[in-house]
Each structure stands twice: as C-alpha cells, then as structure tokens.
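Below is one structure, written out as structure tokens, with a few remarks after it.
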Amino acid sequence: MRKSIVLLLVTLLAIPGMAQKINEDYRLNIKRASSPVLIDGIVDEQAWADADVAKDFFMILPMDTSYADVKTEVMMTYDDKQIYLLVINHHGEEGPYYVESLRRDFAFGKNDNFLLFMDPFDDQTNGFSFGANAAGAQWDGIMYGGGSVDLSWDNKWVSKVQNYPDKWVFEAAIPFKSIRYKKGIKEWGINFSRKDLKSTEKSSWAPVPRQFPSASLAYTGTLVWDEAPPEAGMNVSVIPYVMGGMVKDNDRELPSDYQNRVGVDAKIAVSSSLNLDLTVNPDFSQVEVDRQITNLDRFELFYPERRQFFLENGDLFASFGYETIRPFFSRRIGLNAPIQFGARLSGKINKDWRIGAMNMQTGKVNETNTPAQNFTVLAGQRRVGQRSNIGVIFVNRTNVGSMPLDGDNPGDPISSYNRNAGFEYNLASSNGKWAGKAFVLKSFSPLKENESMVHAANIRYLGGNLIWEWKHEYVAPNYLAEVGYVPRNGYYRINPNASYLFFPKSRLILNHGPTINTSLFYDMEMEQTDNITEFSYGLKFRSQSILTAKYAYNHIILQRPFDPTNYSQFTLDAFTEHQWNSFGLEYISKPQSLFTYTLSSQYGGYFAEGERFNLNGEVGYRFQPYVGLSITGNYNQIDLPEPWGNNKFWLVGPRVDVTFTNTLFFTAFGQYNEQINNINLNTRFQWRFKPASDLYLVYTDNYLPAPFYVKNRTLALKFTYWWTL
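Each residue of the sequence shown is one higher than the last, beginning at 1 in full-length UniProt numbering.
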C-alpha cells in the first residue's frame, strides 16, 4: 500500500502543469463607459453602442464540434463603482422560454439561462459567477476548484431581464465592492455560458469540450481592461439583524421560550482581494432546514453547510481532504451551542497565495452539559505550476472552562482539546484532463495520540470518451477529527472507477456507455472487510432525458454491531459476514416539460440474507414563472429474519415554491419520515427589499404522526440590512 502511494505521488508530480492558457486567443476588450448605464434591460445607451461584442458562441452540447445554432451577444463596460453586463439572448426556435420559477440560484438544467464566469486573478482556479434565467431570476455563486460553484454565497448586485418576441435581454451591474480582485491586474479570465432548452443546446463564448462543465476556468478567455480596474476604495459592509421569535418544546414539557436577539456581521476589505469577516451573536434561523432521508447507512450521514458566514472562501477550509475524510466541517460549529462571536480572514495575498484564518467562540449549554468551546482553523494554499497547488491546514477545538459535575462540584478544570494538522498537493493540468490529490493528516487528542494518521491519494483522467480514476485511503484506528467529518476509522480503501461514453450519429441518443466503480476496504491486518462493486449503463437522449440500468454486488464483514433497519433495538453481531446482489433502474425526464419527474428503483438482497426493495421518485409541475409544485417519495421494504421481520418505511415530502417577483418568495414543504416517526412542516416568507437585505418570516413544526401531537414548534421574524460604507 505504501509503495503504491509513493508511485502515485511521483505520477502526480510528473504530470506537467505549465502550459499556455488554452483559450488565450479569445479576448474581449472592456472600456470605460461612454455614458451612464441604467439597468432596465433596454439597449439604448451609447455605452453599449461603443462596447466590444463577444459573439459566435461555440456549442458544448449536444456536440462540441461547431458553432452554436442559438445566437448570443455579450457586451461589458464599467465606471468607477461597477462592472456592467449586457446580454442579448436570441431565440433559436419559436415558442415560450422555459424557466423553473423566479427563485434565486435556480437549477441550471431546468431553465433557459445565461451565466458569467469571472476569474479576476486569471489563475483558472477561483472566481465568481453571476447570471439570470429568462424570467429574471438571479444566480450568483463563488467559484472554487477550477469549475465548482457554491450557490449559497450571496452578495449585492442588481439586474433586469426584458423579454421580446425574438430574444430576451439580460442587463446587470456588479459593484467592484462585491467581488475580490488584485489591484493593478489588467487581464481577467472570463467566459459566458448559454443554456437554451428549446433546442437542448448549451454553448459558451470561449470553447469548452463537452466532458467539462461550462464553468471550467481552465477554458476561460481573457477580459482585457483598457486600464487597471479602479480600486474599490473603502469597502466596509455592516449587516445587522433583529430577530424575534418563539420556541415551544412539548417533548421536554418546557414552557414557551420567547426569544429576542440582536446581532451583527461585518465585512471589511483588508485589500481588494483579502477580506475580514466578523460576527457577533449570529442567528441562522432563516436557513432552510435539512432535507430528511431514510437512513440505512452504517455510518454518519453528511449534510451540507448553508450558513452564509462560513461560505466565502469556504473551500480553503472545507475542500481539504476527501468527501469522507474532512479535517474541518463547519457544521460542527454552532448547531448544538450558540455562537457568541467569530472572525475570519480569507482571500488572496497575490496571484500565487491564498490564506484563511478563522476563530469562533461558542457558549456553554447546561442542558446537554456542553462547555463553552473555541474553534480555530488556519489554512494556506500556494499555487504550483499553472493550476496545481499545495495546501496546509490546522484545526483546533478547545474547551473553555469546565462544566459542573453536579450542583456545586466543578468538573475537570483541565480543558480537553482536539487538533488536526495536514498537508496536501492538488494536481490540475492546464487542459483539465488530469486531476488528483495527495494528503497527509495527523490528529492530536489527550486520549488518542498513537495510530492517528491519515494518508490518501488519487489521480483522475477526464477524456472525451474515457474517464478513469484510481483512489486509495488509509485512516488509522485512533484518528479523531471532532471538527471534521470522518465517519469511518481503522481501514485501508482501494477505489478504482472508470466509464466510457459512445457518441452515436443518432437523432435520438446523445451518448451512452458503461460505468464501473469498486470500493475495497481492508482492516489493519489487510483482511478484506468490504467489497462494494457497482456496474451501470446509461443512455442520455438528445431531449436531455436519462435512462440508467444498475447492478451492485455487496460483500461485507461487519466490524461492529449494526441494526440493518436503523430503527429497532436489535443488531447484527460484529464480524458476521453478509453478501448479496441488487439490480436497479433510473429514469430522469426531459427538463423542458412543465411536468417533470424522476423515478428510480432497486431490488435485491440485504443483510442477514434478507431482501430490500426501494422505490424513489420526484414529480414536479410548474406554472412558470410563478409557482412550482413538487413531491418527493421514498419507499423501502426490508424483509429480514426474526427478530426484525418485515419493515416498511415511507418518506414523503411535498413542496410549494411561490415566487411573486424576483424579490418576493414563499416556500412551504412538509416531510413525513416513517423511520423516525416524525412529520416536519417548514414555511418561509422572504422579501428582499434591497439587494442582500431581507425580511424573513419562518415557521417550523415537528409532529408525532397520529394523533398529530406537536413535539416542538418555532416561529421567527428576522430583519437584516446590508449597509455598505
């Protein structure tokens, strides 16, 4: 295993990273505006008549070998305070546009849309994305990892969409204060993406191969400024909030708790590319509750971070490691104890260096005997070659003070702690076809010092037809990341996977091909404990609908007792052996329809020579652009020997999204989870009365199904205002 890691490291370092930028010849000149610009979606200013035009987009899908059939024209200009964008999206075919709703940060594949990908450092790794759908709903996100977009990020900018018989026009103004860029740099990476559902065409200004997302920063062109972009000047934003609410907990028979909270966030630009975020007494009551799932897994489930404070430059901390080996996971902070205050410094020092430093303080919780805690995270990233980088991270959690063991006797006065330190190398070739990672982690804890290392590596090739990856991991038995997400310890893992796509000359099928993925787990004596092998064959139609057939083989030797229903009090014994096969089908309907649906099923064996049948689906209908209705359903039937017997679990979730305008939203959804015997109801009203300033009214209930006993209930009214100095 160690020899293979060394060989993989040598391979990662040997792949060349230096090369000329692929789309260097695609250059758009941006000049200072020759007239004032009014954001109204009407092309009548002299500034647009004088601006250069980016046109002749290239098709990405269905094929990437020609110019796009649907025409798009883009113009950009600026003044001392803002960047202006104007896009003329010509219609390719007759008929209405297709949109999901006016909901912000819409689903890319279900909307006619235009997106801008901006790389202000031209490092092909980090940036910002802005856009809109054909009805005017905004999209914005922070970019990381060379082509990923975190849509939870939100900032101040304005836009307007106007619809005409032959086109839709998108006009936007993005303040320099809303983005980060380095002073004096006159060339930024830039690309534009267009999605037209009527023709099922996706296109971009600078060409992007079809195996990559249009957001891939390796394929950006260049935005050439006539002079260095103006400094944003003093850039300080203060975001206070006022919240009033009520919490009623019937489960613990507590009286109603009426809450009145005041807090503030602040954003201070240390430089045009380095930002200091401060928070005092933050409140996240407006954040949508997690979607429940039927949990039949042996290990802890992962839920993504949604809180705005942790998101800008969040990849510096959160992307370290793998999806199942995360030394830092921000949801460990503040969900079970109130955050009192915190600070985060993050961003770019120059084109090669990114840094991040965060400190958060939480208060104690007497009910759960949780002491006050301090969390510190330090991270750094140094570019190597054109797109690769090396990174370091340090994570520390320390108890502050102690909790009493009983009414008068203090607990242990020595604060407990958990620390993690790590180093990683991230490979990204200049053309994006090669990617990989190698990292080492070490945890430090008072009780678990020995056998507390992690090392892992992978390399991936993304070709036009062939995609393959080799990955392996080692997590020591005593590795502990209390502020991370590491659901499994004490194993070696080998995980090769590959897929191949055929692109036939067919009017019906866009592509088809097989995928195989194998996960082999071994214990510390190199005895195999898990073999999970999956084979699938997928067909993607030109209509954008997808049909996939699946087969899976499971061979598992349990390392600890496990309840196969995650519901009863009965468990299978550790070191018992289980083996089964299963088969499945999945179909995703075409996104152009007002009525859309997804349906998947799986049938086969299960633990203890049992059987499992799963049916999962989602049905949606939209009255575009104002109302979206959907319902998700998940049904599991598990037949096991006694003492479990036959078990049936339903999980049903209806949802209503009403977007009165692109600033006034109402969402309501329910979740009935039979496995945990709970009904959850969540409603949220949001009025964005100014950019990034909101009024929220949020109501949440949890019920015991019959006789509909209210377990707990929350009502919150929150007002936030983004004040820029």
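Even glycine gets a Cβ: it sits at the ideal position worked out from N, Cα and C.
Asked                                                                                                                                                             : Found
Select from 134, 305, 119 and 705 the residue whose C-alpha is nearest the C-alpha of residue 151.                                                                : 305
Got a sec? Which residues, its chain only, sit under 7 Å from residue 719 by beta carbon, not counting five neighbours each side?                                 : 241, 242 and 695
In this structure, does DSSP put residue 540 in helix, strand or coil?                                                                                            : strand
In the DSSP assignment, the beta strand (DSSP E) including residue 46 goes from what residue to what residue?                                                     : Not the beta strand (DSSP E): residue 46 falls in the alpha helix (DSSP H), residues 46–50.
Can you tell me whether DSSP reads residue 718 as helix, strand or coil?                                                                                          : strand
Where residue 72 and residue 186 are concerned, what is the direct C-alpha to C-alpha distance, given to the nearest angstrom?                                    : 25 Å
Strictly by DSSP, which residues pair up with residue 261?                                                                                                        : 243
Quick test of the definition: if touching needs 3 or more C-beta pairs under 8 Å, does the segment 242–257 touch the segment 368–383?                             : no
Helix, strand or coil for residue 323 per DSSP?                                                                                                                   : coil
To the nearest angstrom, report how far apart residue 491 and residue 564 are at their CA atoms.                                                                  : 21 Å
Exposed or buried, which one is residue 68 when buried takes at least 16 other CB atoms within 10 Å?                                                              : buried
When you compare only the Cα positions, how much space is there between residue 342 and residue 267?                                                              : 12 Å
Can you tell me the Cα-Cα spacing of residue 670 and residue 188, whole angstroms?                                                                                : 45 Å
May I have the straight-line CA-CA distance separating residue 646 from residue 578, to the nearest angstrom?                                                     : 18 Å
Opposite residue 41 in the DSSP bridges: which residues?                                                                                                          : According to DSSP, which records beta bridges pairwise, residue 41 is partnered with nothing at all.
Beta-carbon within less than 6 Å of residue 551's beta-carbon, same chain only, minus the 5 sequence neighbours each way: which residues are those?               : 535 and 583
Three-state secondary structure (DSSP) at residue 602?                                                                                                            : strand
At what residue ranges does the segment 326–387 contain a whole run of the beta strand (DSSP E), taking only runs of 3 or more?                                   : 339–348, 353–362 and 372–384
Please tell me whether residue 495 and residue 479 are closer than 7 Å, where the distance is taken between their beta carbons.                                   : no
Using the Cβ count rule (16 or more neighbours within 10 Å means buried), how would you classify residue 406?                                                     : Annotation note: pLDDT 44 at residue 406 (below 50); position unreliable, no value reported.
Quick check: what's the CA-CA separation for residue 631 versus residue 245?                                                                                      : 29 Å
Just the C-alpha distance for residue 52 and residue 36, rounded to the nearest angstrom, thanks.                                                                 : 17 Å
Terminal residues of the continuous beta strand (DSSP E) containing residue 140?                                                                                  : 138–144
Would you mind stating whether residue 652 and residue 621 have Cβ atoms separated by less than 7 Å?                                                              : no
According to DSSP, is residue 516 helix, strand or coil?                                                                                                          : strand
Please classify residue 641 as buried or exposed, where buried requires at least 16 other C-beta atoms within 10 Å of its C-beta.                                 : exposed
Cα separation between residue 220 and residue 148?                                                                                                                : 14 Å
Start and end of the alpha helix (DSSP H) containing residue 68?                                                                                                  : Neither: residue 68 is in no alpha helix (DSSP H) and is coded neither H nor E.
Taking contact to mean 3 or more Cβ pairs, one atom from each stretch, closer than 8 Å, check whether the segment 447–460 and the segment 288–301 are in contact. : no
So, at 6 Å on beta carbons, what are the nonlocal neighbours of residue 484 in its own chain, with the 5 sequence-adjacent residues on each side left out?        : 326, 327, 328 and 329
If you scan the segment 540–617 from start to end, which runs of the beta strand (DSSP E) of 3 or more residues do you find wholly inside it?                     : 546–557, 577–588 and 595–606
Would you kindly report the start and end of the unbroken alpha helix (DSSP H) that includes residue 318?                                                         : 315–318
Less than 6 Å between C-beta atoms, sequence neighbours within five positions excluded: which residues of the same chain meet that for residue 717?               : 244 and 697
How about residue 539 and residue 587: do their beta carbons lie closer than 7 Å?                                                                                 : no
In whole angstroms, what is the alpha-carbon distance linking residue 105 and residue 378?                                                                        : 30 Å
Out of 213, 89 and 111, which has the shortest C-alpha to C-alpha gap to residue 729?                                                                             : Because the chain here runs from 1 to 725, residue 729 falls outside it and cannot be looked at.
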